[in-house]
Amino acid sequence: MIGRIMRWEMKSIFSSKKFLFAFLFQFTLIITFIPLLDTYMESLEKNEFTSLTPGTQNFVPAASSGSELSPYLVQEKTFRLYMVGMQEGGRLLKKRIVAAHLTTKDITLDSQNPKSEVAKFYITRILQKISTMEIPLVTVDSETRVRNPSEAVTQEARIEIKKTTELIRKNNINVTTILILLLPLFVSSGLLLDLLMGEKEKRTAEILLALPTRPQGILASKILSTFSIVFVQVVSYLVLLFFMGRVSSFFILFPLFLTSMLLISLTTFVAVYSRNYKEAGFVITILYVLLFSFMFGATMMYALAQRFAYLSPLTLLVMIESGRISAHEILWASAPTLIASSFFFYLSSVMYVKDDFQFGPRPSNATLLARLFSAIGKSPSLSSLVGGFVAVPLSLLFELSLSIIFLYIFGVEKTVLFISILTFAFIEEGFKSLGIVSARMSGGKTLPLYGALTGVSFSLPENLLFVFAIHSLFPAYLWRIILLRVSGTVLHIVCSTLVGWGMGKGKYYHTLAAASLIHAAFNFILVMT
Amino acid sequence: MITFDRVTKKFGEIIALNEFTIDIKKGELFGLVGPNGAGKTTAIRLACGILHPTSGKIIVDGQDIDKNSSQVKRKIGYLPEEPNLYTRPTARELLEYFADLYGKGNERIDELLELVGLSERADTPVSTFSKGMRQRLALARSIVHDPEIMVFDEPTMGLDPATSVKVRDFIASLKKEEKTIILCTHYMEEADMLSDRIGFLNSGRIVSVGTPLELKNMLKKDNIYEIIFTEPVDTSGIAAHILSREKNGITATLSPQLVEMVLQEYGKKVFSIRSLTPTLTDVFLKVTE
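In structure tokens form, the structure reads like this:
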């Protein structure tokens, strides 16, 4: 049955003039876009200070021109390097030493290996913000110095761009070119939305559900048809790119497959969940923007936080193209996408067989989530604990995606102030409410108590994540952060108890606003100190 | 053949079907009649395994539909209220696709197209079809696998009289083949003409079941009279017996004593009085009032 439905769907799609147009349009776009991209790269090379292309080494040159280091280097004619360890570096930064090179190893200047001639600088300014800059080193009178630092910055930007473009030319690869391949993934996901929503809106789904097969089989046939169409498209484009000399390895199909899996699972979820095209279109647009920001953002952080970058399947693209990848790394970088996709496919198949989603009035979002948590939790206490725990990844996903978007729009300082202080507080308090709602749906009466439990279960994974992240990035601050997280735990318990109390008294929105403001004030103090 | 055993179906807080119990025999054409929102479509979607009961059991040919969904669905042909057809393919391609989905060959396609009067348009895309043609094609689609049980939801809804007659004749021909049929309809004369038995559904419950004759005989003990007055009169004294009102007239179920009382009370204002044979509409109005 699945095979028959698949054949029918694929026949319909491939014979559709709209699809053929989209397919040929993309084909033409790729052919024309690549020469345009080359011109763009050349112009980047000439305009010394900007490099927007993701590199394929273990760091990503985001934008050299706006470096925080530039004004300091311009003021100082000769720049002295202090070869210090991490802890000493931290102390120097605290004393407002303009810049320090933090390393656990001594630098050895090796002309055969250009990589070791690059030193990484850390600079501190207000709000303890740290930026990095890599500049070439020169040895003068047995001391390591940088002469004429402003020129060094210029040279570095040039080197960086040159290095990126050389790497691209050398290996006949271009990450940006490969990213073009993401285009058919989005088009095909749109097709899946049409396959599922179209059946729902035209009520042909009713006929399919009357067929002698399990509803999950029908859903699977639609998903597999989409995968097949994605496969045909991507392979066609890959072959084209291969003959254009842009792709050296067909192994990049794997991360593209992972990306399409994530997109298709998310689209399936939205299509099954939505009542109509309008709703599905709105939700999917927002989710695609968030997902894309998240995927690109996580990949851009590959150098800084490798494990975090594994959350995005695009990281695998960068790793494959840099030619440094092991089976262990493939596993690490695939697991988050596979888990997330499986989760969305599972939720979609559960929803697809529910009559409410096909015919009836769909339960409200809060009811659905609370129903899920209470089904897992069984008792009010467990429901609130599960709700609080699940609220962490949900908050994190929204916070990270929003942060990445805001970073591009407003820059680092405003994003830190606005996002971390205000938006994070509202997002977290909002998602924590799920724990209280699910406890109430499981029959819980003393809502402040369940609010407190939600706060506890939210704090636990959040604290672990913080400690893990801080330990990786700034080990010198670990104990200070642990102490701060204790106060954070108290904050979460207080705020959730307040929201629980408000929900019980019918003043949910008032107390949610109050809790969010308290949370925001706490974040502000945290950031300022 | 089809048994609903205390079946309740809820959509959130809404109870669409409440303790619905009915037994449809093999080879029977069962008419399901009720006002809008009575739960007719929910009942037949449950019978086809499209919906799942909140409580209770549905047994089709000795098998619980919730437990043996695939086997049971293979025996059922379902025609929804709207044709719900794919519009891109031709009529023939559509029937071939559904025959294929049920694991059947294309032997019956020409016969079915002939039967529903679409032979000449067999190779035309469905998108060019009128509503009546789509409805006839949907009918052919629903029986493409030659099912033992057929479930038709408002098969003549919105069709012109000529097409309605064709569809009714077609259903009547299926009845002769000893197929078990559930016919869900708003049209009383359709239910009366085609059904072996009729179930009246109101607010999710079966309120009355019987053959058309049995149901009409329910009103026989109180004869139905049409009374025309010479001028508008206050009929509040017999309001409980009135089935319908017109400008200067009423239709009411009256015992001989009440007829006598009316003649005494309204006297010269009565222009005419005549006895009527009860119809299914009268029964429907009576049982759903």
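Chains A and B, in that order, are what the protein sequence lines are.
Just so you know, we're using the numbering used here here: the first sequence kicks off at 1 and counts up by one.
Just so you know, we're using the numbering used here here: the second sequence kicks off at 1001 and counts up by one.
C-beta: ideal position from N, C-alpha, C; glycine also.
This structure is a prediction, so every number in the text was calculated from the model and none was measured.
Within the same chain, Cβ atoms closer than 6 Å to the Cβ of A:Val270 are found at Ala280, Val283 and Ile284, the five residues on either side in sequence being excluded. Take the alpha-carbon of A:Gly443 and the one of B:Lys1179: they are about 50 Å apart.
A direct Cα-Cα distance of roughly 48 Å separates A:Arg485 from A:Ser221. Exclusion of the five residues before and after A:Leu314 leaves Met295 and Thr299 as the residues of its chain whose Cβ lies within less than 6 Å of its Cβ. Comparing C-alpha distances from A:Ser15 to each of B:Arg1088, B:Gly1037 and B:Arg1074 shows the shortest one belongs to B:Arg1088.
For A:Val437, no pairing in a beta bridge is given by DSSP. DSSP places A:Arg485 in the helix class (H, G or I) of the three-state scheme. Contact annotation: the segment 1193-1207 of chain B does not touch the segment 1227-1246 of chain B, with fewer than three C-beta pairs closer than 8 Å. Considering only A:Ile525, A:Leu434, A:Ile518 and A:Ile482, the residue with the shortest C-alpha distance to A:Met503 is A:Leu434. For B:Val1283, the enclosing alpha helix (DSSP H) starts and ends at Leu1280 to Thr1288. For B:Asp1153, the secondary structure class from DSSP, reduced to helix, strand or coil, is strand.
A:Ser12 reaches chain B at Tyr1086, Arg1088 and Pro1089, counting residues in chain order whose Cβ is nearer than 9 Å. Using a Cβ distance threshold of 7 Å, A:Ala520 and A:Cys495 do not count as a contacting pair. For B:Glu1082, the C-beta contacts it makes with chain A under 7 Å involve Arg203, in order along the chain.
Here A:Pro361 is near B:Gly1012, since their CB atoms are less than 7 Å apart. Closest option to B:Phe1284, judged by alpha-carbon separation, among B:Met1150, B:Thr1156, B:Glu1214 and B:Lys1010: B:Glu1214. At a Cβ-Cβ threshold of 7 Å, B:Ile1050 and A:Leu209 count as neighbours. For the segment 1038-1059 of chain B, residues whose beta-carbon sits nearer than 8 Å to a beta-carbon of chain A comprise Arg1045, Cys1048, Gly1049, Ile1050, Leu1051 and His1052. With contacts defined as CB atoms closer than 7 Å, B:His1145 and B:Lys1175 fail to qualify as a contacting pair. Between A:Leu256 and A:Leu181, the C-beta gap is smaller than 7 Å, which places the two residues in contact. Residues of chain A with a Cβ closer than 8 Å to the Cβ of B:Asp1100 are, in chain order, Arg4. The alpha carbon of A:Glu399 has as its nearest neighbour, out of A:Ile421, A:Ser381 and A:Leu385, the alpha carbon of A:Ile421. Distances from the CA of B:Ile1015 to each of B:Thr1042, B:Val1033 and B:Gly1027 were compared; the closest alpha carbon is that of B:Thr1042. For A:Gly360, at least one C-beta of chain B is nearer than 7 Å to its own C-beta. Distances from the alpha-carbon of A:Val272 to those of A:Phe345, A:Leu311 and A:Val386 put A:Phe345 closest. Rounded to the nearest whole angstrom, the C-alpha separation of B:Gly1249 and B:Phe1004 is 42 Å.
The criterion of a C-beta distance shorter than 7 Å is not satisfied by A:Glu429 and A:Ser395.
Among the CB atoms of chain A, one or more fall inside 7 Å of the CB of B:Lys1073. Chain B places no beta carbon closer than 7 Å to that of A:Ile223, leaving this residue out of the contacts. In the three-state reduction of the DSSP assignment, A:Tyr273 falls in the helix class. In the structure shown, B:Tyr1078 adopts extended strand secondary structure according to DSSP, grouped into three states. Neighbourhood of A:Leu209 in chain B, by CB distance below 7 Å: Ile1050, in chain order. Taking 7 Å as the threshold, the shortest C-beta distance from A:Pro212 to chain B falls below it.
Residues are counted here when their Cβ sits less than 9 Å from a Cβ of chain B; for the segment 189-203 of chain A these are Lys202 and Arg203, given in chain order. In the three-state scheme derived from DSSP, where H, G and I count as helix and E and B as strand, B:Val1207 is classed as strand. About 4 Å separates the Cβ atoms of B:Ala1191 and B:Gly1031, confirming a contact at the 8 Å cut-off.
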